[in-house]
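Accompanying notes for the structure given below.
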Amino acid sequence: MAANVDHCNGCNGNTNDSSLTAEEKQALITRNLQEVLGEDRLKEILSIEGRDLSIYWGTATTGKPHIAYFVPMSKIADFLKCGCEVKILFADLHAYLDNLKAPWDLLKLRTEYYTEIIKAMLESIGVPLEKLTFVKGSDYQLTKEFSLDVYRLSSLVTEHDAKKAGAEVVKQVEHPLISSLLYPGLQALDEEYLKVDAQFGGVDQRKIFTFSEKYLPQLGYTKRIHLMNPMVPGLTGAKMSSSEEESKIDILDTPELIKKKLKKAFCEPGNVEDNGVLAFVKHVIFPLFSGEFIISRKDQHGGPLCYKDYEILENDFKEQKLHPGDLKMGVECYINKLLEPIRQKFKDPKLQALIESAYPPPNKKQQKNKVKNKHGKDQNTPVKPDEQKVSTS
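For the sequence shown, counting from 1, position 112 maps to 112 in UniProt numbering; every step adds exactly one.
Structure (structure tokens):
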């Protein structure tokens, strides 16, 4: 049951508890995940080998990151609490290979933007950057050794397997480019070249993960552990998407725009399944704010509420004891707490100029980068509307 309160704890993302047992570390590493492939190996590393896990999370430097990126950020905070060695990969070449989502001439600028915005997000939740390693994909993916492994892998992988592996991640078009078939193989090889025990990503990456588990051993490399977050619904009830403005809140949105978007957000009374507002509370607010969620209602509307258990909050919403308007009001407060230090940082004229250069107005770049196939059709025209299946990984 919710209690009345008059305070709000801050983020707790920077705590590193060295006293955790192996079982407690495993529980925290897997908290709120939808699926784990290789859980026995995870237990072996923590309990038998008695060492900390090394993990990487990668993000292709395409569209501007939105607030759903706080879902993997909160898990990265969990990993660091367990003493894990965490690497963040800015997959610039992947962004280009995925049907030119990032034009070649903008790769460097978009990677710079992602680096600045991801670091700012981590700082806003109290994650010490010195405990992380930041890597750019092209720094090692263009080496002789990596290129040779791409050729070796290409001699093993069938077109069917490559296409299937990228089906949920790579943009699907009527006449796919060869680059889209290379994408899963490069991601699989990242695990070996980053020298990690595990890869962390959204559940939409599952087919790439199983692809990796099948083919890395054929190259003589170790099969890795795969940790998968659920896909977070967007504000429209579908998956949150960088390409759907109304489905997401941008990291640099103003408080006024956030209020407007939340007001329009799909939050049907009693619906706990396709509810992006509720999902944000579960996967971001509760993990980052000491396991509590506060709604600062006025006294005439019942006074402030404090939930210390997500299941109770969800049940209250399901039974319509908690009104969507109150839920949105609470979420709005927390989103602004997370975003305000980032907004302040990005008032820097140099960062403003970076944004303008990395993301020029669409009408200036779209026509330039459209690719026509031999039938005269626009190569970028999707066959199925999977643009809403955008991972936060």
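Backbone N, C-alpha and C fix where the C-beta goes; we use that ideal spot for every residue, glycine too.
Could you give the C-beta distance for residue 107 and residue 186, rounded to a whole number, given that I count them as a contact under 8 angstroms?
-> So it is not a contact: roughly 15 angstroms between Cβ atoms.
Does the distance from the C-beta atom of residue 182 to that of residue 267 stay below 8 angstroms?
-> no
Residue 229: first and last residue of the uninterrupted beta strand (DSSP E) it sits in | 225-229
Compute the Euclidean distance between the alpha carbons of residue 325 and residue 281, then round it to the nearest angstrom.
-> 14 angstroms
Smallest Cα separation from residue 33: which of 231, 259 and 223?
-> 231
Ordered list of beta strand (DSSP E) runs contained in the stretch 258-319, each at least 3 residues | 293-295 and 305-307
In angstroms with no decimal places, state the Cα-to-Cα distance between residue 49 and residue 40.
-> 12 angstroms
Member of 288, 318, 236 and 164 whose CA lies at the smallest distance from the CA of residue 263 | 236
In three-state terms, what does DSSP make of residue 102?
-> coil
Beta strand (DSSP E) runs wholly inside the stretch 166-241, at least 3 long, in chain order | 198-202 and 225-229
Measure the CB-CB distance between residue 143 and residue 95 and report whether it falls below 8 angstroms.
-> no
Starting from residue 394, follow the alpha helix (DSSP H) in both directions and report where the run begins and ends.
-> For residue 394 there is no data in the structure shown, the boundaries of the chain being 1 and 393.
What's the gap between the Cα of residue 299 and the Cα of residue 308?
-> 20 angstroms
Taking the alpha carbon of residue 128 as the point to measure from, which residue in 233, 136 and 119 has its own alpha carbon closest?
-> 119
How is residue 127 classed by DSSP in three states: helix, strand or coil?
-> coil
Sort 292, 134 and 130 by Cα distance to residue 311 and report the nearest one.
-> 292
Does DSSP put residue 136 in a helix, in a strand, or in coil?
-> strand
Work out the CA separation of residue 72 and residue 359 for me, nearest whole Å.
-> 23 angstroms
Return the CA-CA distance between residue 60 and residue 302, expressed in angstroms with no decimal places.
-> 45 angstroms
The stretch 156-165 / the stretch 204-223 touching (three or more Cβ pairs under 8 angstroms) | yes
For residue 97 versus residue 56, is the C-beta distance shorter than 8 angstroms?
-> no
Three-state secondary structure (DSSP) of residue 248 | coil
How many Å lie between residue 177 and residue 154 at the Cα?
-> 15 angstroms
What separation, rounded to the nearest whole angstrom, lies between the Cα atoms of residue 103 and residue 137?
-> 16 angstroms
Nearest to residue 395 by alpha carbon, out of 258, 157 and 274?
-> Here the chain comprises residues numbered 1 to 393, so residue 395 is not present and cannot be evaluated.
Report yes or no: do the stretch 333-349 and the stretch 251-263 share at least 3 C-beta pairs separated by less than 8 angstroms?
-> yes
Check residue 347 in the structure and name its three-state DSSP category.
-> coil
Taking the alpha-carbon positions, what's the residue 304 to residue 21 distance?
-> 37 angstroms
So residue 179 packs on residue 125, CB below 8 angstroms; how close in whole Å?
-> That pair is no contact at about 34 angstroms.
From residue 42 to residue 23, what does the alpha carbon distance come to, in whole angstroms?
-> 10 angstroms
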